[in-house]
Amino acid sequence: MTRVKSKTQPRKLWPRYKINVSVPAGDKILDVSSFEKFLHDRIKINGVAGKLGNTIVIKRQGNSVIDITSKIDLSKRYVKYLTKKFLKKNMLRDWLRVVSTDKNTYKLKYYNINKDQIA
1 MTRVKSKTQP RKLWPRYKIN VSVPAGDKIL DVSSFEKFLH DRIKINGVAG
51 KLGNTIVIKR QGNSVIDITS KIDLSKRYVK YLTKKFLKKN MLRDWLRVVS
101 TDKNTYKLKY YNINKDQIA
């Protein structure tokens, strides 16, 4: 009798995203704790917002980075959408933009405004 080898699936890595808010937080125009609370209240799981449980963990690393770790599929685009929604709510959308710096990282940057250019 021969042994049948079972195919083991490689362990799936859970998505982990970081949002670097060091520049606007350093200038004190963005409150990191309110942004963290906004994400906690607005991320939806199965159509229900605010009930994250153990599936999604949102942590703040100092006053510069928000770390989102998920045990379910969470798209990077959804994180960007919620970040832009927060900026719009706090009337910062005209001054800040969300830029991808890495595969799993976003950074909030100021728009480049050159006063010498004529529109």
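With full-length UniProt numbering, letter number 109 in the sequence shown gets 109, and the count goes up by one each step, no holes. For glycine and all other residues, C-beta sits at the position ideal for the given N, C-alpha and C.
Linking E36 to I68 through their CA atoms gives a straight-line distance of about 10 angstroms. Judged by their CB atoms, V98 and K85 are not nearer to each other than the 8 angstroms cut-off. L39 is positioned such that its CB atom lies closer than 8 angstroms to that of L82. The Cβ neighbour count for V4, taken over all protein chains shown within 10 Å, is under 16; the residue is labelled exposed. Under a 10 Å Cβ-count criterion, A25 is classified as buried, with 16 or more other Cβ atoms of the shown protein chains found around its own Cβ. Shown here for D41: same chain residues with a beta carbon closer than 6 angstroms to its own, the five before and five after excluded, namely G50 in chain order.
Secondary structure note for Y106: it is in no alpha helix (DSSP H), and the uninterrupted beta strand (DSSP E) holding it is T105 to Y110. Counting only the Cα atoms, I72 lies some 6 angstroms from T55. Here Y106 is buried. Its C-beta has 16 or more other C-beta atoms within 10 Å.
Burial check for L13: the Cβ neighbour count within 10 Å stays below 16, so the residue is exposed.
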